[in-house]
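S.K.: Mind looking over this structure? Questions follow.
Protein chains in written order, with the numbering used here: chain A, 10 to 332; chain B, 202 to 465.
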C-alpha cells in the first residue's frame, strides 16, 4: 500500500460504505487471486468474518444469494458430524463454530445434522474438562470456547460436562489475572476472550478474580490508544475485540479510554480500498475488518448494530433463533 | 486441492501419496487435512526422521502458523525423542522471543519429557537479553510451579531476583506483574520485603517516573485493610490518574472510588 498519507491528512472518521464494498468484493473474489487459495482452508471462517462485519454495519441484506452461502456451508459438514474449513476438509471445532454462526445469519440452521454435530462436539471433551480441536488431540482454550459457543447457539449445551469445562478454564487463570492457551501458558488477550466468553456463556464469571483480570485487560491499552495482546507488545486492531468483549463480559467496559481507542481504530482503516488492517498503514483484510467493526460497535459508535460480547454476533441475528 | 482430496478419499498410504501432500502443504502450509494425511502415511510407511527435517523447515519459514507447529509436536511425539527439540525451539525463539506457538510447544515438551533441568537457566538467559520479555517471565513461573513449587525459600530468592531485574529498568510491566504474582501465591504479610522495597524506592527517581511502583503499593495497601494505608492508596490512585498513568485514568478513578467506600 502506498504511503500516501501526509502529516496534514484529516481524520475522515469512519468510512463504513468503503468497508461494505471491500467485503462484498471479497465475497465474489476471483479464484485466480493468491489470497483466495492461501485462506482456502478456513473459508468458512472467512465468510463468518465478512458477514459479521456486514451485519454489524446493518448491510447484511446487500449480500446476494444467501441461500447459496447456506448450501455451501452445509456442504462442509462431514460424516462425523463436524464441519471442516472448506468442502472436503476434516472436521474441526474452529470451523464448526464459524459454520453455525454463518448459518444463523443465512437462516440455514435447520439444515444441520444436529445430533451428529452435538455428538461429535461432545466426543471432543477430555477428562480434565478441556476440549480437543479434533481427533488429533490438541487442546487449547480456543476450542473450549468453540465447543461451548457452538452448543449454546444450538441450545444443546447439556451434551457436555459444563462443570468440568469451567474447571479447566479456571485452571488456565494465571498469576497476573488473565488466561492462556493451556494451564501455565502465558496470558494472552485472545485466549482470555475465549476463557471469559466460555465462562460468560456458562454463567460462571463470578468464579474468577474479576478485578485482577479487569486491570490486566485495561492495561492492554497503550499510549497511542490502541490495545495490545500481552504486555510489551504492539497494539493490533483484533485486540479491540478480544479485550473489549472480555471487559464487557465482566462489566468493566468503562475502564478503557473509549475515544482514544475509537480514534486509533479509525486510523487503521484504508481510506482508499476500504477494509481495516491490524495497524495504521498496513494492508487491510477481512479478519481485522470484522474485529475493528465489532469493536467499534461495543464502544457504542452510532449507526452500528449491537454486537453480543459473548458470541461476537449481532443481537438481531441471535434473536432469530431466540437467544 | 481436488487431487489431494482424491488421494485422501482413496485412503492410499504410500510414498506417492506423501508427495501429493508435500505439494499441498508447500502451496498452503495451513492445509491441516494435508498434514493429517501425512501423519497417517508416516504411521504406515515410517520415515519420521525425514519428517522431522521437513517440518523443521516449514516451522522456520512459517513460524506463526498453528498447523506446522502442531505437526512438529506430533513428529517429536512419534519419534519419542526430544533430543534436539528444546534447541530447535530455542532457535525459533531467537528469531522471535515471544512467539506464542513456540512457547506453547516448548511447555508441552518440558512436561511430556520432563526436561526441566536447564530451563530456569534458559529463562535467565532470555531475560538477560530482554528483561521485558513477558513470555520469559511467564515461563519462570511455569517452571518453578512445575518443579520446586513456591516454597518460602524460593519466594525469597525470586523477590531478590525480580528486584535485581527491576533495577535494569523500573517501568517493566512483566517484572512487576511477576512480583505481585509472588505475593498472590503467598501474601504481602508473609513477604514484607516487597513493601519495604517499594517504600524505599519511593525516595528515588522511581517515585517520579515509575507508575508500576504506585500500582504495586496500591495493591499492597488495598490488601492491608489498614485505614491509613488505604488513604495513601487513594492518593496514589490520584497520582496515577492525573499523569503518571493517565491512559488508564478510568480504571484508577474506579479504584479510588472503591477504596473510598472502604474507608467511609
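All C-beta atoms, glycine included, are put in the ideal place defined by N, C-alpha and C. The structure presented is a predicted model; accordingly, all values stated were derived computationally and were not measured.
Please list, in chain order, the residues of the segment 339-355 of chain B that have any C-beta partner in chain A closer than 8 angstroms.
M.R.: 339, 340, 342, 343, 346, 347
S.K.: Straight-line CA distance for residue 100(A) to residue 204(B)?
M.R.: For the purposes of this step, residue 100(A) is taken as the residue at position 91 of the first chain. For the purposes of this step, residue 204(B) is taken as the residue at position 3 of the second chain. The alpha-carbon atoms of residue 100(A) and residue 204(B) are separated by roughly 19 angstroms.
S.K.: Could you tell me whether the Cβ of residue 212(B) comes closer than 9 angstroms to any Cβ of chain E?
M.R.: Among the protein chains of the structure shown, namely A and B, there is no chain E.
S.K.: Taking residue 247(A) as the reference, give the member of 305(A), 217(A), 65(A) with the closest Cα.
M.R.: The residue you call residue 247(A) lines up with position 238 of the first chain. Ranking 305(A), 217(A), 65(A) by Cα distance to residue 247(A) puts 305(A) first.
S.K.: How long is the line joining the alpha carbons of residue 454(B) and residue 147(A), rounded to whole angstroms?
M.R.: Along the second chain, one-based indexing puts residue 454(B) at 253. Along the first chain, one-based indexing puts residue 147(A) at 138. Between residue 454(B) and residue 147(A), the C-alpha separation is close to 42 angstroms.
S.K.: By DSSP's criteria, residue 383(B) is part of a beta bridge. Which residues make up the other side?
M.R.: Position 182 of the second chain, counting from 1, holds the residue named residue 383(B). In DSSP, residue 383(B) forms no bridge with anything.
S.K.: On the DSSP bridge assignment, give the partners of residue 141(A) in chain order.
M.R.: Here residue 141(A) refers to the residue found at position 132 of the first chain. Beta-bridge pairing links residue 141(A) to 148(A).
S.K.: Roughly how many whole angstroms lie between the Cα atoms of residue 200(A) and residue 189(A)?
M.R.: Locating residue 200(A) in the first chain gives position 191, where the first residue counts as 1. Locating residue 189(A) in the first chain gives position 180, where the first residue counts as 1. Cα-Cα distance, rounded: 5 angstroms.
S.K.: Using a Cβ-Cβ distance cut-off of 9 angstroms, determine whether residue 191(A) contacts chain B.
M.R.: To locate residue 191(A), count along the first chain from 1; it is residue 182. Taking Cβ atoms only, chain B reaches closer than 9 angstroms to residue 191(A), which makes this a yes.
S.K.: Only counting runs of 4 or more residues, tell me where the alpha helix (DSSP H) segments fall wholly within the segment 71-150 of chain A, in order along the chain.
M.R.: 75-83, 102-114, 123-132
S.K.: So the alpha helix (DSSP H) residue 307(B) belongs to, where does it begin and stop?
M.R.: Position 106 of the second chain holds residue 307(B). From DSSP, the alpha helix (DSSP H) with residue 307(B) extends over 301-314.
S.K.: Please determine if the segment 176-183 of chain A and the segment 201-218 of chain A are in contact, where contact requires at least 3 C-beta pairs separated by less than 8 angstroms.
M.R.: yes
S.K.: Is the CB of residue 128(A) under 9 angstroms away from at least one CB in chain B?
M.R.: By 1-based counting over the first chain, the position of residue 128(A) is 119. Not one chain B Cβ lies under 9 angstroms of residue 128(A).
S.K.: Counting only beta-carbon separations shorter than 9 angstroms, does residue 315(A) have a partner in chain B?
M.R.: Start at 1 with the first residue of the first chain, and residue 315(A) comes out as number 306. No, residue 315(A) does not count as interfacial toward chain B.
S.K.: Can you give me the C-alpha to C-alpha distance between residue 279(A) and residue 35(A), rounded to a whole angstrom?
M.R.: As a working mapping, residue 279(A) is identified with position 270 in the first chain. As a working mapping, residue 35(A) is identified with position 26 in the first chain. If you take the alpha carbons of residue 279(A) and residue 35(A), they lie about 15 angstroms apart.
S.K.: Run through DSSP, which three-state label would residue 17(A) get?
M.R.: Within the first chain, numbered from 1, the residue matching residue 17(A) stands at position 8. Bear in mind that a pLDDT of 39 at residue 17(A), under 50, signals an unreliable position, so the model cannot answer this.
S.K.: Helix or strand or just coil, what does DSSP make of residue 188(A)?
M.R.: Position 179 of the first chain, counted from the first residue, corresponds to residue 188(A). Note: residue 188(A) maps to strand in three-state DSSP.
S.K.: If you measure from the beta carbon of residue 297(A) to each beta carbon in chain B, is any gap under 9 angstroms?
M.R.: Against the first chain, residue 297(A) aligns to sequence position 288. Residue 297(A) does not count as touching chain B.
S.K.: For chain A, check one thing: does any of its Cβ atoms lie closer than 9 angstroms to the Cβ of residue 440(B)?
M.R.: Within the second chain, the letter at position 239 stands for residue 440(B). Cβ-Cβ to chain A under 9 angstroms: no for residue 440(B).
S.K.: Could you check the C-alpha separation between residue 410(B) and residue 445(B) for me, to the nearest Å?
M.R.: Start at 1 with the first residue of the second chain, and residue 410(B) comes out as number 209. Start at 1 with the first residue of the second chain, and residue 445(B) comes out as number 244. Spanning the two alpha carbons is a distance of roughly 7 angstroms.
S.K.: For residue 231(A) and chain B, any beta-carbon pair shorter than 9 angstroms?
M.R.: The residue you call residue 231(A) lines up with position 222 of the first chain. Cβ-Cβ to chain B under 9 angstroms: yes for residue 231(A).
S.K.: Would residue 28(A) be called buried (16 or more neighbouring beta carbons within 10 Å of its own) or exposed?
M.R.: The count along the first chain starts at 1 and reaches residue 28(A) at position 19. The residue is buried, with at least 16 neighbouring Cβ atoms inside 10 Å.
S.K.: Can you check whether the CB of residue 172(A) is closer than 9 angstroms to the CB of residue 138(A)?
M.R.: Position 129 of the first chain, counted from the first residue, corresponds to residue 138(A). Position 163 of the first chain, counted from the first residue, corresponds to residue 172(A). Cβ atoms of residue 138(A) and residue 172(A): closer than 9 angstroms.
S.K.: Go through its chain and collect everything with a Cβ distance to residue 396(B)'s Cβ below 7 angstroms, but skip five positions before and after it.
M.R.: Within the second chain, the letter at position 195 stands for residue 396(B). Closer than 7 angstroms at the Cβ level, and outside the excluded window around residue 396(B), lie 389, 421.
S.K.: Skipping 5 residues on each side, what residues in its chain have a beta carbon closer than 8 angstroms to that of residue 310(B)?
M.R.: As a first step, residue 310(B) is located in the second chain; it is residue number 109 there, counting from the start. Within the same chain, residue 310(B) has close Cβ partners 274, 277, 283, 286, 287, 290, 316.
S.K.: Taking 9 angstroms as the CB-CB limit, is residue 8(A) close to chain B?
M.R.: What the structure shows of chain A is the stretch from 10 to 332, and residue 8(A) is not part of that stretch, so it cannot be assessed.
S.K.: When the Cα atoms are used, what is the spatial distance from residue 240(A) to residue 363(B)?
M.R.: Start at 1 with the first residue of the first chain, and residue 240(A) comes out as number 231. Start at 1 with the first residue of the second chain, and residue 363(B) comes out as number 162. If you take the alpha carbons of residue 240(A) and residue 363(B), they lie about 17 angstroms apart.
S.K.: Between which residues of its own chain and residue 319(A) is the CB-CB distance below 6 angstroms, once the five residues before and five after are set aside?
M.R.: Counting from one through the first chain, the residue named residue 319(A) turns up at place 310. Cβ within range, chain order: 206, 209, 210.
S.K.: Specify the secondary structure class of residue 316(A) as computed by DSSP and reduced to three states.
M.R.: In the first chain, counting from the first residue as 1, residue 316(A) sits at position 307. Residue 316(A): strand per DSSP, three-state reduction.
S.K.: Compare the beta carbon distance of residue 239(B) and residue 223(B) with 9 angstroms and say whether it is the shorter of the two.
M.R.: Within the second chain, residue 239(B) is the residue found at index 38, counting from 1. Within the second chain, residue 223(B) is the residue found at index 22, counting from 1. A contact, by the Cβ cut-off of 9 angstroms.
S.K.: Would you mind sorting residue 428(B) into buried or exposed? The rule is 16 or more other CB atoms within 10 Å of its CB.
M.R.: Locating residue 428(B) in the second chain gives position 227, counting from the first residue. With fewer than 16 other Cβ atoms within 10 Å, it is exposed.
S.K.: Residue 183(A) CB to nearest chain B CB: under 9 angstroms?
M.R.: Here residue 183(A) refers to the residue found at position 174 of the first chain. Under the Cβ distance rule, residue 183(A) counts among the residues neighbouring chain B, one pair being separated by less than 9 angstroms.
S.K.: Could you check whether the Cβ of residue 244(B) sits closer than 9 angstroms to any Cβ belonging to chain A?
M.R.: Within the second chain, the letter at position 43 stands for residue 244(B). So, not an interface residue.
S.K.: Among all the DSSP beta bridges, which residues are the ones paired with residue 285(A)?
M.R.: Residue numbering aside, residue 285(A) sits at position 276 when the first chain is read from its first letter. Note: residue 285(A) sits in a beta bridge opposite 278(A), 294(A).
S.K.: Give the residues of chain B in contact with residue 266(A), contact being defined as C-beta atoms less than 9 angstroms apart.
M.R.: One-based indexing of the first chain puts residue 266(A) at position 257. What residue 266(A) touches in chain B: 447, 448, 449, 450, 451.
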